[in-house]
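J.: Quick one: structure below, then a few questions.
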Amino acid sequence: MNEKISLFKENGKRIDDRAPDELRPIKIKVGVLSNAQGSAYIEQGKNKILAAVYGPKEALPKHISLPDRCILRCRYHMAPFSTPERKSPAPSRREIELSMIIRNALESLVMTSLFPRTVIDIFIEVLQADGGTRCAGLTAAVLALADAGIPLRGLTAACAVGKADGKVIVDLNDLEDKYGEADMPIAYNPTLDGITLLQMDGIMSKEEIEQALSLAITATQKIHKIQVEALKDRFSVTKREV
Amino acid sequence: MNEKISLFKENGKRIDDRAPDELRPIKIKVGVLSNAQGSAYIEQGKNKILAAVYGPKEALPKHISLPDRCILRCRYHMAPFSTPERKSPAPSRREIELSMIIRNALESLVMTSLFPRTVIDIFIEVLQADGGTRCAGLTAAVLALADAGIPLRGLTAACAVGKADGKVIVDLNDLEDKYGEADMPIAYNPTLDGITLLQMDGIMSKEEIEQALSLAITATQKIHKIQVEALKDRFSVTKREV
Amino acid sequence: MNEKISLFKENGKRIDDRAPDELRPIKIKVGVLSNAQGSAYIEQGKNKILAAVYGPKEALPKHISLPDRCILRCRYHMAPFSTPERKSPAPSRREIELSMIIRNALESLVMTSLFPRTVIDIFIEVLQADGGTRCAGLTAAVLALADAGIPLRGLTAACAVGKADGKVIVDLNDLEDKYGEADMPIAYNPTLDGITLLQMDGIMSKEEIEQALSLAITATQKIHKIQVEALKDRFSVTKREV
Amino acid sequence: MSITEQRPIVSKLEKQEIYRLLAEGKRVDGRSLLQYRNLDVQLDYIEKAEGSALVELGNTKILAAVKVGVALPFADTPNEGILIVNAELVPLASPVFEPGPPSEESISLARYVDRSIRESKAVDLSSLCIIPGRSVYSLYIDLYILDYDGNLIDASVIASVNALGTTKLPKYSVEGQNIKKLDEYFKLELKDLPVSITYAFFGDKYLVDPCLNEEYASDFTISMTVKSDDRFCAIQKNGGGMISPRGFLELLDKSITLGKELRRVAYSKIAVNG
Amino acid sequence: MSITEQRPIVSKLEKQEIYRLLAEGKRVDGRSLLQYRNLDVQLDYIEKAEGSALVELGNTKILAAVKVGVALPFADTPNEGILIVNAELVPLASPVFEPGPPSEESISLARYVDRSIRESKAVDLSSLCIIPGRSVYSLYIDLYILDYDGNLIDASVIASVNALGTTKLPKYSVEGQNIKKLDEYFKLELKDLPVSITYAFFGDKYLVDPCLNEEYASDFTISMTVKSDDRFCAIQKNGGGMISPRGFLELLDKSITLGKELRRVAYSKIAVNG
Amino acid sequence: MSITEQRPIVSKLEKQEIYRLLAEGKRVDGRSLLQYRNLDVQLDYIEKAEGSALVELGNTKILAAVKVGVALPFADTPNEGILIVNAELVPLASPVFEPGPPSEESISLARYVDRSIRESKAVDLSSLCIIPGRSVYSLYIDLYILDYDGNLIDASVIASVNALGTTKLPKYSVEGQNIKKLDEYFKLELKDLPVSITYAFFGDKYLVDPCLNEEYASDFTISMTVKSDDRFCAIQKNGGGMISPRGFLELLDKSITLGKELRRVAYSKIAVNG
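Going down the list, the protein sequences come from chains X, H, F, P, W and U. The working numbering puts the first residue of the first sequence at 31, with every later residue one more than the last. The working numbering puts the first residue of the second sequence at 31, with every later residue one more than the last. The working numbering puts the first residue of the third sequence at 31, with every later residue one more than the last. The working numbering puts the first residue of the fourth sequence at 2, with every later residue one more than the last. The working numbering puts the first residue of the fifth sequence at 2, with every later residue one more than the last. The working numbering puts the first residue of the sixth sequence at 2, with every later residue one more than the last.
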């Protein structure tokens, strides 16, 4: 852990040849599954993640329902083959925490009061993990919700920022996540100027956090544009099909 | 696994001195437990298996019930001491599969539409295992159902057929199961001329399967006669008691 | 186990300098938690144990309730750090048995018919264990019930008796429990002259059991007095606060 | 969480009948108050286990089997074999038994039987060591309740001890730190023949060996395991209710007397040494 | 406990339509009775796994990936590698899949695929031994059902075999009893290309490769795995109902014919040796 | 599955009161917005553990204890000790805590405390190696929530660090590849004194160290762990709602100031080295 590995090349580029503020290539497709009400697929670097949404539907057993709004259920899950060592399919403590953190980020996005006594299920399956899966998973889950026709307060995009070899960077890959000094996943809704997910571990000074946050806002705005494009593609495909 | 062990003797007999189409000694007793609505005990070779039936009774919680028929619940379970190495009492993947396979074989036998919204529980406990336990267990379970007075579409008997040392054989014992080339458990209802359970693993050609199936039908017809006798015994004992 | 360790000193005192019939120092405080309806804390030797009571409250799901009385739920649980080797927080077989044994001892103490269809939850957490935790835990649980204002048929106090180095002794500590010849936990209600909890393991003759029982009654009467004092303290504190 | 059990309702009439008879010193099945039901023991029922016995006590039917293995000893007892008792209340035995992980009843039963055997020293665990600190015999006693008509404890102790009494252990040769299984066996020696006596209480009346309806109608039960030398090695009160100290002491003599008798009947088929 | 499943209700109209068409030898999606849906195979979908394939059979979508490790061999097969098949019916694939421990459906699916691969000897396990009795390769095949429109068995066998066909194993150097991972890889050789053919039955009519609605409307299914040499290595009837012996025998020839065809399409992208 | 929590209903009146006071910069218990509740720390509460501390923050009461063992190091950190944090929300502490496996709240709490200690490098794990790759110390920190009145995170970090500050480790002598426990102990050195500062948000207003009613009435909380050198080592937003970037940045300075103060009060009883 944290043994000395150089994460920057001599030319100032990162190990995968990116600039400190450069995102990895992102590919998003909305509406990829036939059974789910809404779905989306994202590739970000080598991350490959599917998200699907079922609902709103009656909340059963009844005692879990709320009289004034719909509830959300969320499962972030990693496929056994998504990590270098095979992972047990039973949810790890990390997966349980991230399911909660992602659900929290979606609570204020979904217009839950429109669907009292119902439940919306959100499933995120990480097929291949390459750093920043909770953020990429959330980016896809938001699109799956939109694809399901669920009214949202704008779109939320997420991206990790952090620090490696003393430099503040954006969109950490697996190695930067593992050997870097800090990782700060952030979800940001540009429509509402609101941060809905924020975690940090590692060590950063106040100034570094300020700088990282600024990078995160720029990054999530870029991802937000890709989200919008993906939704347009989905919409135009549907039109073509009709 | 599959190391070279000779399963036939020089005289053409099997290791337990049977002919290829010869069943092991079978002993069946119906009505052996005091609490169960129906019960049966079978010995087939060194297999010792108990089956018990509870029901039909109200299906609870209600959401598991069906409006037009009764549902079946089935548990095939091996005692910890039934196998050479002690087996954990928690159900193994194999036991979970066989519980399903046996329930499937019983679904069409029980006149389920006579008892809407109810459940029938079928428990099979393998006390000692000696090859062919799913078949012997099913043979006993059918009698436990009959003993419980549940209307059935005839009786079903089950028996494994397979292949060892290149020969098609019937009613495999433990060693033939382990070291033979193929195992094909079959349940057959002679009244309806229907196969209700059928699995195969190992390797057999089309011709061998045809030959094995023919052996299976003869064997299950023999077992069927023993089932009928056991029911008669049960009936006459009851009469004597009255 | 049971290797030869001397549990008595040359002066006839036990390894912690007690006489055979001498209790360890006991400190009890009632009303120590803010959320529970009733609570109590006990130190007996190095035992440190908390008990808390919630209820009576509606018994849910309904099928667990009884039409003519309240039901009890009881959990005896040891903190992971309470034992020399860290203990898994999942309940052990021993903890499951003791939860039942303690609940049994409370069933006749609580006037359950006053609260039909409700449930009372009793939680005992052993923070540090030093022999005799089931008894000390029960002693505290009774006070937590009283603190919750639940009508009781008197107070029950509990104490282990047993045998070490051939002598009958009272209130066994950890070493006497481990290396002694017998351990007999007893709960006694002096008001009703009734034993509500009784277990024994180890070896004792009829005469030794008679002698031990007599010690137990004296000991639980002493503890009963400490219980009464602790309740008075709680009451006077409440008065002072008012 | 242990939760107040919901006993199947014994019909009011049945319960009244039990009490009425009890007042006359009688029981529903014609037994006297201190009489056991008919006991049948069948040894070596499971040929593939190293030891086994099928016990029928009235309609209560219990199969006990012993599986022998070799294991690492526990760190604090490097010279002793390992003894584990497990009880399965399999659902074919009773409508109140459910499939799933062990219930508190089955755990409590197994632990009581364990104490009865371990504390009585019926099995000399130090004789089950092959290489100290490295290889010892492990004895797994599995109790399988096949038909449930009350008094599981006494029947389980009898089944377990009989199963142990039939147990044959494979011999091992020791070569340095390794062991090799031989094709020879030796008989497990029993050093004691513990029996448990269970009383069911109804107010201040009691009876032994309760059948299921008596158990359900009773206030609580007390079980006591007596060794061959008339000393006690396990006692347990199960269920609510309370007993006076005097009432309890009265049971000790009764248990010694009943124990002698039951021991003779229960273990007539197995030999004892030591 | 296995419990009678509650199939989502296929609307009466839909079911009638399936039967009506069947009587004319037709199907809801225009296929003929013995015609498979469109099959798409994408190899090496998970670059970080040692082998993988994404298979789409109509709308059924299954990802199979192989993870390679080194493990202690099983005691009774000291010279053989370890093969484990696991299937996850992840809840994003269908409203009837629920999060939690494996259901009987997923267990039965994994076990059928395991038998198809193991019994066909598609993988020569004895070639996966590094040090006998001590270090062997372990192959973990994880099946991930991503979209569920019926016939999981056939699609899973195809996905697994394709994933195995792309699998590369790291080489190890052996030094005494220790092994060291090298930076070289070798391709896993497939010795056979098993395919499973699944039939859905409606009374005495049947069709192959049922889509989900057909599966729900059917009485039961029968799956048969055929090896490259036209012999069978796994058969399973799933669901209630019964088939006549004659009806069953009829399927054997059909499966051989259909198997040849499907094998050609399903494994066109992977090479075979041996 | 993480599921929208059902918070106990804080009465409308209570909630209104919290908001009304907040508008005036006041709180229900008379504190100012950035004021912590009374803090009481009792060291070595569990004599039998290697380290422990009982912390009361207002009515929130948390016991932290450290158990020390010896274990095999993780393969990727052969020279480092093992640190594990576990939190038990025991049901006697609150009617909303239920017996059973760890809830997402308890897991998330334990993971946050773990990050606060691990990332701050308060414990130098490389000093906890006995034989590289073979024997290292393991520190198990168990957090036991005994009474629950909000702000578990800050109180848990304080309890854990205090428990570590009292921890004594047994010395071991190394003989070849074996170790032997000696009857000597050494004190664990703390290299940093991290404190967590938790804010509860109500619209654009916020306060620190929320009590339970404030927590329930709030939109969300943000916790920040500050090291002795004023740098941050863990941050987490918990709950729904959103915060503006500017609002978040404002907290950083506040946390540094509050952290200094809290650190002084919280760790006055333990010494620090390094």
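No residue lacks a Cβ here, since even glycine has one placed at the ideal position from N, Cα and C.
At least one CB of chain W closer than 7 Å to the CB of H/ASP231: is that the case?
T.: Counting from one through the second sequence, the residue named residue 231 of chain H turns up at place 201. Yes, contact with chain W.
J.: In whole angstroms, what is the alpha-carbon distance linking X/THR129 and X/HIS107?
T.: Within the first sequence, residue 129 of chain X is the residue found at index 99, counting from 1. Within the first sequence, residue 107 of chain X is the residue found at index 77, counting from 1. Just to set this straight, residue 129 of chain X is Ser in the shown sequence, not Thr. Cα to Cα, the separation comes out at about 8 Å.
J.: Relative to the C-alpha of P/GLY248, which candidate in P/ASP205, P/ILE236, P/LEU263, P/ALA235 has its C-alpha closest?
T.: Start at 1 with the first residue of the fourth sequence, and residue 248 of chain P comes out as number 247. Minimum Cα distance to P/GLY248 is reached at P/ASP205.
J.: For W/ARG116, which three-state DSSP category applies?
T.: Position 115 of the fifth sequence, counted from the start, is the residue given in the question as residue 116 of chain W. Reduced to three states, the DSSP call for W/ARG116 is helix.
J.: Have a look at F/GLN28 and X/ASP231 and give me their C-alpha separation to the nearest angstrom.
T.: This structure does not reach residue 28 of chain F, given that chain F is present from 31 up to 272, and the question cannot be answered.
J.: How big is the Cα-Cα spacing for P/GLU48 and P/ALA66?
T.: As a position in the fourth sequence, residue 48 of chain P is number 47, starting the count at 1. As a position in the fourth sequence, residue 66 of chain P is number 65, starting the count at 1. Looking at the two C-alpha atoms, the distance is approximately 10 Å.
J.: Please report the straight-line C-alpha distance between P/SER109 and F/ARG124, rounded to a whole angstrom.
T.: In the fourth sequence, residue 109 of chain P corresponds to position 108, counting from 1. In the third sequence, residue 124 of chain F corresponds to position 94, counting from 1. Near 8 Å, if we compare the C-alpha coordinates of F/ARG124 and P/SER109.
J.: Can you tell me the Cβ-Cβ gap for U/ILE132 and U/TYR138, rounded? I've got them flagged as a contact below 8 Å.
T.: One-based indexing of the sixth sequence puts residue 132 of chain U at position 131. One-based indexing of the sixth sequence puts residue 138 of chain U at position 137. Their Cβ separation, rounded to whole angstroms, is 11 Å, which puts U/ILE132 and U/TYR138 out of contact at 8 Å.
J.: CB-CB under 7 Å to H/ASP201, same chain, minus the five flanking residues each way: which ones, in chain order?
T.: In the second sequence, the residue the question calls residue 201 of chain H occupies position 171. LEU53, ARG54, GLY162, CYS189, ALA190, ALA249.
J.: With distance defined between alpha-carbon atoms, name the residue in F/ILE56, F/ILE35, F/VAL60 nearest to F/LYS262.
T.: Locating residue 262 of chain F in the third sequence gives position 232, counting from the first residue. That would be F/VAL60, whose Cα lies nearest to the Cα of F/LYS262.
J.: Under the DSSP definition of a beta bridge, which residues are partnered with X/ILE154?
T.: Along the first sequence, read from residue 1 onward, the residue named residue 154 of chain X stands at position 124. DSSP lists X/ALA81, X/TYR106 as partners of X/ILE154.
J.: Whole angstroms is fine: what's the gap from F/GLU233's alpha carbon to U/LEU213's?
T.: In the third sequence, the residue the question calls residue 233 of chain F occupies position 203. In the sixth sequence, the residue the question calls residue 213 of chain U occupies position 212. Here residue 233 of chain F turns out to be Ile, not Glu, going by the sequence shown. Using only the alpha carbons, I get a separation of about 52 Å.
J.: Can you give, in chain order, each stretch of the beta strand (DSSP E) that sits fully within the region 57-110 of chain W and has at least 3 residues?
T.: Those beta strand (DSSP E) runs which fall completely within the region 57-110 of chain W and span 3+ residues are 61-72, 83-89.
J.: Is W/PHE75 buried or exposed, if buried means 16 or more other CB atoms sit within 10 Å of its CB?
T.: For this step, residue 75 of chain W is matched to residue 74 along the fifth sequence. By the 10 Å Cβ count, W/PHE75 comes out exposed.
J.: Mapping DSSP to helix, strand and coil, what is U/CYS130?
T.: By 1-based counting over the sixth sequence, the position of residue 130 of chain U is 129. The answer is strand: DSSP assigns U/CYS130 an E or B state.
J.: I want to know whether the region 109-123 of chain X touches the region 139-148 of chain W - three or more CB-CB distances under 8 Å.
T.: The answer is yes - the region 139-148 of chain W touches the region 109-123 of chain X, with three or more Cβ pairs under 8 Å.
J.: Shortest alpha-carbon distance to U/SER33 belongs to which of U/GLY260, U/VAL196, U/MET243, U/VAL209?
T.: For the purposes of this step, residue 33 of chain U is taken as residue 32 along the sixth sequence, with counting starting at 1. The shortest C-alpha separation from U/SER33 is found at U/VAL209.
J.: Output needed in chain order: residues of the region 81-112 of chain H with a Cβ under 8 Å from some Cβ in chain A.
T.: As a matter of chain content, chain A is missing from the structure shown, whose protein chains are X, H, F, P, W and U.
J.: Over the uninterrupted beta strand (DSSP E) stretch that includes F/ASN134, give me the two end residues.
T.: Looking up residue 134 of chain F in the third sequence gives position 104. From DSSP, F/ASN134 is part of no beta strand (DSSP E) but of the alpha helix (DSSP H) over 123-137.
J.: Listing by chain order, which chain U residues have their CB less than 9 Å from the CB of F/ARG164?
T.: Position 134 of the third sequence holds residue 164 of chain F. Those do not exist, as F/ARG164 stays about 17 Å from chain U at its closest Cβ, beyond 9 Å.
J.: At least one CB of chain U closer than 7 Å to the CB of X/GLU271: is that the case?
T.: In the first sequence, residue 271 of chain X corresponds to position 241, counting from 1. Any reading at X/GLU271 needs caution, since the residue's pLDDT is 48, under 50, leaving its predicted position unreliable; the model's value is listed next. It does not: the Cβ of X/GLU271 has no partner Cβ on chain U nearer than 7 Å.
J.: Any chance the region 86-101 of chain U sits against the region 76-84 of chain F, with 3 or more Cβ pairs inside 8 Å?
T.: In short, these stretches touch, since the Cβ pair count reaches three.
J.: Should W/VAL175 be labelled buried (16 or more other beta-carbon atoms within 10 Å of its own) or exposed?
T.: One-based indexing of the fifth sequence puts residue 175 of chain W at position 174. Result: exposed.
J.: If we count the other Cβ atoms within 10 Å of its Cβ and call it buried at 16 or more, is H/LYS43 buried or exposed?
T.: Here residue 43 of chain H refers to the residue found at position 13 of the second sequence. Its Cβ having fewer than 16 others within 10 Å, H/LYS43 is exposed.
J.: Anyone know if the C-beta pair for P/PRO195 and P/SER136 falls short of 7 Å?
T.: As a working mapping, residue 195 of chain P is identified with position 194 in the fourth sequence. As a working mapping, residue 136 of chain P is identified with position 135 in the fourth sequence. No, they are not a contact pair.
J.: Can you tell me the Cα-Cα spacing of X/SER266 and X/GLU259, whole angstroms?
T.: The count along the first sequence starts at 1 and reaches residue 266 of chain X at position 236. The count along the first sequence starts at 1 and reaches residue 259 of chain X at position 229. X/SER266 and X/GLU259: Cα-Cα distance of roughly 10 Å.
J.: Against P/GLY241, what residues of chain F qualify as contacts under a CB-to-CB distance less than 7 Å, listed in chain order?
T.: Numbered from its first residue, the fourth sequence carries residue 241 of chain P at position 240. Under the 7 Å cutoff, chain F gives ASN134, GLU137, SER138.
J.: One question on the structure: do H/CYS104 and W/SER104 come within less than 7 Å of each other, judged by their Cβ atoms?
T.: Numbered from its first residue, the second sequence carries residue 104 of chain H at position 74. Numbered from its first residue, the fifth sequence carries residue 104 of chain W at position 103. Not closer than 7 Å, so no.
J.: Applying the 10 Å Cβ sphere with the 16-neighbour rule, what's the burial state of F/GLN74?
T.: Within the third sequence, the letter at position 44 stands for residue 74 of chain F. Counting Cβ neighbours within 10 Å, F/GLN74 comes out buried, since at least 16 surround it.
J.: Consult DSSP for U/ASP41 and reduce its assignment to one of helix, strand or coil.
T.: Looking up residue 41 of chain U in the sixth sequence gives position 40. Note: U/ASP41 maps to strand in three-state DSSP.
J.: Check the Cβ of U/TYR149 against every Cβ in chain F and list those closer than 7 Å, keeping chain order.
T.: Against the sixth sequence, residue 149 of chain U aligns to sequence position 148. Residues of chain F passing the Cβ test: ASN65.
J.: Quick check on DSSP: helix, strand or coil for X/LEU145?
T.: The residue given as residue 145 of chain X occupies position 115 in the first sequence. Looking at the sequence itself, residue 145 of chain X is Phe, so the reference to Leu does not match. Residue state, collapsed to three classes: coil.
J.: Compute the distance between the beta-carbons of H/HIS254 and H/LEU185, then report whether it is under 7 Å.
T.: Numbered from 1 along the second sequence, position 224 holds the residue referred to as residue 254 of chain H. Numbered from 1 along the second sequence, position 155 holds the residue referred to as residue 185 of chain H. It is a contact, given that the beta carbons lie within the stated cut-off.
J.: Please confirm if W/GLU1 has its CB atom under 7 Å from at least one CB of chain X.
T.: For residue 1 of chain W there is no data in the structure shown, the boundaries of chain W being 2 and 275.
J.: Examine the Cβ distances between the region 229-243 of chain U and the region 130-142 of chain X and report whether three or more of them are shorter than 8 Å.
T.: The answer is yes - the region 130-142 of chain X touches the region 229-243 of chain U, with three or more Cβ pairs under 8 Å.
J.: For U/LYS68, collect the residues of the same chain with a Cβ closer than 8 Å to its Cβ; drop the 5 residues on either side in sequence, then sort them by chain order.
T.: Within the sixth sequence, the letter at position 67 stands for residue 68 of chain U. Closer than 8 Å at the Cβ level, and outside the excluded window around U/LYS68, lie ALA50, GLU51, LEU140, TYR141, ASP143.
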